[in-house]
Amino acid sequence: MSSTNGKIKIGFYICHCGTNIAGIIDVQKVVDYAATLPNVVVSKHYKYMCSDPGQEMIQKDIKDNELNRVVVAACSPLLHERTFRNATSQAGLNQFYFQMVNTREQNAWVHLDPEASTDKAMDLVRSAVNRVAFHKPLEKKTVPIKPDVLVVGGGIAGIHASLTLANAGKKVYLVERDPTIGGHMAMFDKTFPTLDCAACILTPKMSAVKNHPNITMWTYSEVVSVDGYVGNFQVKVKRKPRYIIDDLCVGCLDCIEACVYKEPRFFDEFNQGLSKRKPVYMPFPQATPQLVVIDPETCIWFKTGKCKQTCVEVCDRKAVDLNQQPTYKEIEVGTIIVATGFQPFDAKKVYYYGYGTYPNVYTALEVERLINASGPTSGEVVMRDGSRPKSIAIVHCVGSRDKNTNLWCSRVCCLYSLKLAHLLKEHTHANIYNFYIDIRTPGKMMDEFYTRISEEGVKFIRGRVADIYPDTNDEEHRRLIVKAEDTLISEIIKVPVDMVVLSTGLVPRDDAQDVRRMLNISCSTEGFFIERHPKLAPVNTFTDGIFLAGCCQGPKDIPDTVAQAGAAAAEALALIDLGYIELEPNTAFIVEEECSGCKSCVPLCPYTAISYDEVKKKASINEALCKGCGTCVASCPSGSIKQNLFEDEEIYSEIDGILNYKMEEALC
Amino acid sequence: MPDKPKLAFYWCASCGGCEESVVDLAEDILFVVDNVDIIFWPVAMDFKKSDVEKYADGEIVASLINGAIRTSEQQEMVQLLRRKSKVVIAHGACAQYGGIPGLANEFQKEEILKWVYEESPSIINEEKVRPQLKYKVNGSEVFLPELWNVVRPLDKVIDVDYYIPGCPPSPKLLKEAVLVLLSGNLPPKGTVLAPDIALCDECPRKDTKPTDLAFTEFLRPNLHIIDPEKCILSQGFVCMGPATRSGCGALCVNGNMPCTGCYGPTSRVKDQGAKILSSIASNVSAKTEKEIDAVLNGIPDPVGTFYRYSLAGSILRKKVNI
Amino acid sequence: MLKIEIEEAASKQWQPKIVAFFCNWCTYTAADLAGVSRIKHAPNIRVIRVMCSGRVDPQFILDSFAKGADGVLIGGCHPGDCHYQEGNYKFLRRFQMLRRVVDSLGIEKDRLRLEWISASEGDKVRIVVNDMVAKIKALGPLGLPVKYKEWANEMNVLESEIAGKEEVYA
Ligand SMILES: Cc1cc2nc3c(=O)[nH]c(=O)nc-3n(C[C@H](O)[C@H](O)[C@H](O)COP(=O)(O)OP(=O)(O)OC[C@H]3O[C@@H](n4cnc5c(N)ncnc54)[C@H](O)[C@@H]3O)c2cc1C
Ligand code: SF4
Ligand code: SF4
Ligand code: SF4
Ligand code: SF4
Ligand code: FES
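Taken in order, these protein sequences are the chains called W, V and D.
If you use numbering that gives the first Met the number 0, the first sequence corresponds to residues 0 to 667, in order.
If you use numbering that gives the first Met the number 0, the second sequence corresponds to residues 0 to 321, in order.
If you use numbering that gives the first Met the number 0, the third sequence corresponds to residues 0 to 169, in order.
Here is the structure:
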C-alpha cells in the first residue's frame, strides 16, 4: 500500500463472543494494552467480531485508517480464519495480511482465572502483532478437481450418495467390501418410526445403483491405497476373487444346488449365524449384484485341493472359475465420500448378560433376522431351542452410556427396541418388558411412535439390568431371570422371561483406524471419523475433498444417514462444479542462490516434491507437489528453504512476542 | 604523501593460528605492508598499550581482532581498540563465535582452574597455589588479568563491523578483506566476508553425494578409514559441510577429513549446531525411539561435534546451570 | 519476613511460561477440542501453530529457552498418523538428538517435552499441560535472559575496577 508510505499499520480487534470470551478475559485491558504495541494504530473490542457489523468495522478501519495489517483475537483460527481473511480481502488488502489469536477454545474456555487468562491473551496478542508485521502478500493456489467420485461403503449412506451424484451426471465408483451392497439396513424387516418394510425402500435403490450408467459398482472389493490430494486422488482398489465370472453368472443358483455339500453347514453371516449356508452361496435373495460367491475359507477345494467341482460342472455358462486371482483397479477421482458405517457392539463384552452362554439371549440384529419374513425362520420367532417365547425382556443400552464400555448414546437403540417390541408382540403375543435407563426418542414422529408402542401393552421398567441368569425353578432350565433395580419404585425386581433381546449399541468398525490412516482423516475419541466442525462442516473432514456420510461419523438412524449422504454428495458436487479448489499457499520453496546442493532435503519430502538438478547442482521444490508440511524447511542445514506463511522470521517473531523479548537484551 | 591507513592486529583467547594466517599471506603480505601502516601487532612487533592509547578516537582505520574474550585484560584491550578504530573486524572463528576456547563454556571456571592447577596429572603443586589477581612485591602491587566465567565472542563485548570466518581464515579471504577495506567501498555492517553458501557448493566430492541419504550408523574418523573419493557425510562420518559457510576451498575434505564447521553458519542460520543436528537427525532412517537412539549414539559428544567452534556464539551460549 | 517466606511469596508470583509448538492437524485440534469440551487446564502454555511437528526447527526450541521460556512443549500426531505421513518421525529424531544437547548444556529434562496428541485427545492436552506445569513449578524458573544479564555483570565490574585502577595510577 503506497499510501501508508511503507509503514506498517495494524488494526487489532478482540471479540467478546457474547460472554464466551469477555466473561473471563478483560477485553478492555487487552485493547488498552494492544494499543501500546508497536505499529498498532487501531485497537477495539466488539461483541461479535464474526458478525456482519464486526467485519464491516474492520473493513471501515482499513479504509479510514489505511490499515495494512489486521489481527483478530477471537475463536480458533480453524473456525473463523477464513471469515476474517475474506473480510480483509474485501477491503482491498491481501488476505494474508491477517493473523488470528485463539482466545476462546485455547483460552477463555479452558481457564478459570481471569487474570491468568487475560495475561495469556496479552502474550498471544503481542505475538500476533509481532508476527503480522512479517506477513507477505500471497495468492492462494488453485488445483483443478477431477469430476469422478469414489464412494467407500455401500450401505444406505453410500447408496444414497452414489445415486445423488450419478443423477447429477457424475461418474461414481462405489466400492463395497461385502459381496452385496445394502449394509445393515438390508437385514431389517421393518424400520422405525413408520414401520415400513426395509426391503421395499432399499431394494429399488440397490437395483438403481446396479443399473445406473454412471455408477461403477465394485462389490467384494476394498480400497487398498489412496495417494494424491483433493481434486486428484489416485486410488487403488482390490477386487477379491469371487471365483465366479461376473459377466457370465446370471444368478440361477444351480451351482449352489450342485455343491458337494448337500446340506448348508457353515455360518451364514447375513443371518447372523441363525442359519447355515454352503461354501457357494448368495448372501440373500435380493443381494445386489445377483452373483453367487464362493468362500475359500469353507470350500473343500481350497482347503484340501480335492473336490469333484460339481459347481464348475453344473454351470452351463462356465461362470465358475476356481483359479480366479485378485485383480487391482487404479482410478483417479477428485473427491471421496466415506460411508463405511458401524458395527454392533459385541454383546459378549457384557458377560453378565450371558450372550453366548444362554442360547435364548439374542442380540437385536439377530432378532431383526428372526422376525424377517425372508429370514432364517421365515419370520416365525422360533428360538435356538425350538421353543417360542411367551415372555421377552428387551434390554436397552447394551454397551452404551456405561463407563465400563462406551460412554455415548447410540441414538437408535431405544427406537429399534420399541420397534422390536412391537414386532415381537405382533409375531408372538408374548409379554414384553423393556428395561431402560431413559427412553430417548427425539426426532420427527419418534416420540409419537413411543406413545403408540406403550399403548400396545408393552411394559416399561426403568432400571439398568444388573444380571441375567437361569431360573432354577424352571425344570428345563430354559427360563431366564432378569434382575434390575426398578428405579421408579426403588426396588430390586427379578423378572422371569423366555427370551432376552440385547439392544447393542453402535460402535466404530474394527478397521476404522486403518481406513482413517489410508485416507489421512482423523477419528474422534470414540473412534468414529471426525468431522471438520460439528456445526459448520458436519460432513467435511480435515482433509480437503474427503467427506463423511452415515454411521461412520457417529450413530444415527436411516433418515439422518440419508440426509447426511445427500449433504456429502452436495459438498462433492459443489467442488466438482466449481471445477477447482483453492489451497493454502503454505508451500515451501528453495532460494536457488542460497542452496549449496547438499541434497540433505531431497529424501525428506514424503511427496517427492524435492528434486536435485544435476546441471545447476541445486535442489528445487515442485510447488504442485508440495503440501506444505515444512519438514524440509526445518531441516535445511544452511537455512535455504522457506515456507510461505511459516517463515523462520514469522515464527521467531511469535516466540519474541510470547516471551516479551526485547532486542536490547540480546546485547548482554 | 598522506599517511598510509593505520591497521591494528590483536589477539585474545586464540591459538595463534589466525596470526599465522596473516603470515600465510606470503608475498601478499608485502602488498599489505606497502599499503598500510601496521601500528599495533603484539605477536610480531613490540608495541605497548600506551602506543594505542595515544591515537585519537577513530584514528585507526581498522583493527583485526582474533580470539574469544575470556579475561579482563582482553576485554580492556578490545574496548580500547574499539574506541580508537573506525572499523573492527572479528578475525577468525574464535572472535566470531568463541571458537575452540568457547567449548570452555561447558564447564565452570572453578572446575577449569582446579583441573589446570591441581588435578591435571602432569601438575605438581602441593600447596595448591593459584595465581593471585593482586600481589604485593617490594612495596608495589602487581595485577594479573582475571578469568571471566563466560567465554564470549567479540561482538558480545564490543560493537563489531565485519567478520572473517575460519579456523584459521584462509589467506585468500583475509586478502580480500584487506582489499575491501582499502577500497573504501565498505559492505553493510555485520557482513561476514565469505560466500553465503554452504561448503558442499565448493566441495569436490559433491557429485558423489547420493540424493537418498539415510543414516543407519555414524562412524568416527579416528576409528574408521574414510573413502577418499566419496562424500564423507554419506559414508556416515559427521561432516559439517552442509551447515558451514564455504570459502575455505574445502580444505579438510581435500585432506580426507570431514568439515568440522569452522567457517560458521550461513547468514540464514542462528545456530549452526542446531541446524546440522536437525538435518542429520532427520535423515536417520530408524523410526522408534530405541532404534533412533542406537543410531544417534554413534555421535558420542553432540555438543563438541555440532558446536565445535560456535558454542559461545550459539543461542544458549553456555552450560546454563552453572 | 524470613528468607523462606520471601522465597515462597516470590514463587507464588512466578508462573512458568511454556512455549508450545502444536501441529495443525492433531495437537492443535486437540487443544481446540479441549476448549469445546471445556476441559480446564493450567493457563501457562502459549501455543504456536505449525502445520506439522516436522516444521519445528531445533533453533526455535533453543531460542524459546534463551528468550525466557521455562519449558518447551512440542505436540504432534501419533506415529503413523502424521497428516504428512512422516513429519513426526523426522521431528522425533531431531528431538532425541536435541535432548542430549540440551541436557548437557544444563537444561533439566522436564523442561523439554514431546507428546503425541491426536485430534480426539482433548483430555490428554489437559493431562500433559498440567503435568508439565507442575514439574516446572517444582524446578523453578529457568530465566535465561536474567542469567545472561547476570553473567554480563562480570564485565561491568571490570569497567568500574579499571576506572578505579586508573585513578590509582594517576
Ligand atoms: C438392530 C438395529 C436396528 C436398526 N433399525 C433401524 C430402523 O428401524 N430405522 C432406522 O432409521 N435406523 C435403524 N437402525 C440404524 C441403521 O442401521 C443405520 O442408520 C444405517 O444402517 C446406517 O447406514 P450406513 O450406510 O451408514 O452404514 P452400514 O449400514 O453399516 O453400511 C456400511 C457399508 O459399508 C461397507 N464397508 C465397511 N467398511 C468398508 C470398507 N473398508 N471398504 C468397503 N466397504 C466397507 C459395509 O460392508 C457396509 O455395507 C438400526 C440399527 C441397528 C443396529
Ligand atoms: S538442504 Fe538446503 S542447501 Fe541442501 S540441497 Fe536442500 S535446499 Fe539446498
Ligand atoms: S514442505 Fe513438506 S511437502 Fe513441501 S517440499 Fe518440503 S518436505 Fe515436501
Ligand atoms: S557433506 Fe561434506 S563431504 Fe559431502 S559434499 Fe558436503 S562438504 Fe563434501
Ligand atoms: S572444511 Fe570446514 S573445518 Fe575445515 S577449514 Fe573448511 S570450514 Fe573449517
Ligand atoms: S501433521 Fe501432526 S505431526 Fe505431522
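Backbone N, C-alpha and C define an ideal beta-carbon position, used for all residues, glycine too.
Here the structure is a predicted model, which means the values were calculated and not measured.
Quick one: does residue i have its CB under 8 angstroms from some CB of chain W?
i	result
V/Leu250	no
D/Gln12	no
V/Leu178	no
D/Asp130	no
D/Met96	no
V/Asn104	no
D/Trp24	yes
V/Asp270	no
D/His77	no
V/Arg316	no
D/Pro15	no
For residue i, collect the residues of the same chain with a Cβ closer than 6 angstroms to its Cβ; drop the 5 residues on either side in sequence, then sort them by chain order.
i	result
V/Thr259	Met239, Arg307
W/Gly398	Phe344, Thr404, Asn405, Thr503, Gly504
W/Glu649	Arg130, Phe133
D/Ser103	none
V/Phe8	Trp40, Leu63
W/Gln285	Thr202
W/His428	none
W/Cys16	Arg103
Going along the chain, which residues of its own chain have a beta-carbon closer than 8 angstroms to the beta-carbon of residue i, five neighbours each way excluded?
i	result
V/Gly91	Ser13, Gly16, Cys17, Ser20, Asn65, Gly66, Gly98, Ile163, Pro164, Gly165, Cys166, Pro167, Pro168
W/Lys555	Arg410, Val411, Gly549, Gln563
W/Phe97	Arg68, Val69, Val70, Val71, Glu80, Phe83, Arg84, Thr87, Val131, His134
Give me the DSSP bridge partner(s) of residue i.
i	result
W/Ser390	W/Asn430
W/Ala618	W/Tyr611
V/Ile68	V/Arg151
W/Lys140	W/Leu582
V/Tyr162	V/Ala89, V/Val191
V/Leu63	V/Phe8, V/Ile88
W/Leu479	W/Pro469, W/Val496
Looking at chain D, is there any beta carbon in it that lies within less than 8 angstroms of the beta carbon of residue i?
i	result
W/Thr524	yes
V/Asn148	yes
V/Ser277	yes
W/Tyr435	no
W/Arg516	yes
W/His183	no
V/Gln73	no
Going by beta carbon distance, what residues of the same chain come within less than 7 angstroms of residue i, once the five residues before and after it are set aside?
i	result
W/Met498	Asn359, Tyr361, Met382, Pro388, Ile391
W/Ser126	Glu653, Gly656, Ile657
V/Gly235	Phe214, Glu216, Phe217, Leu218
I'd like to know if residue i contacts chain V, where contact means its C-beta is closer than 8 angstroms to some C-beta of that chain.
i	result
W/Tyr12	no
D/Gly121	no
W/Glu646	no
Please check the pair residue i and residue j, which I expect to be a contact at CB under 8 angstroms, by giving their CB distance rounded to whole angstroms.
i	j	result
D/Ala19	D/Arg125	Rounded, the Cβ-Cβ distance is 13 angstroms, inconsistent with contact.
W/Ile492	W/Ile460	7 angstroms
V/Glu216	V/Gly297	5 angstroms
Can you name the residues of chain A whose CB is closer than 8 angstroms to the CB of residue i?
i	result
W/Val601	Structure shown: chain A not included; protein chains present are W, V and D.
Threshold first: 4 residues or longer. Then list the alpha helix (DSSP H) segments lying entirely within the segment 60-104 of chain W, N to C. The alpha helix (DSSP H) runs of length 4 or more contained entirely in the segment 60-104 of chain W are, from start to end of the chain, 76-89.
My parser needs the beta strand (DSSP E) runs of 3 or more residues fully inside the segment 207-253 of chain W; what are they? Secondary structure remark: continuous beta strand (DSSP E) runs of at least 3 residues inside the segment 207-253 of chain W, in chain order: 214-217, 220-228, 231-238.
Quick check for students: name the residue ranges of the beta strand (DSSP E) that lie wholly in the segment 106-152 of chain V, counting only runs of 3 or more. Runs of the beta strand (DSSP E) spanning 3 or more residues and lying entirely within the segment 106-152 of chain V occur at 133-136, 139-142, 146-151, in chain order.
Mind pulling the alpha helix (DSSP H) runs of 4 or more residues that sit fully within the segment 508-587 of chain W? Correct list: 511-518, 557-577.
With a floor of 4 residues, list each alpha helix (DSSP H) that falls wholly inside the segment 111-142 of chain D, ordered by position along the chain. Whole alpha helix (DSSP H) segments, 4+ residues: 121-138.
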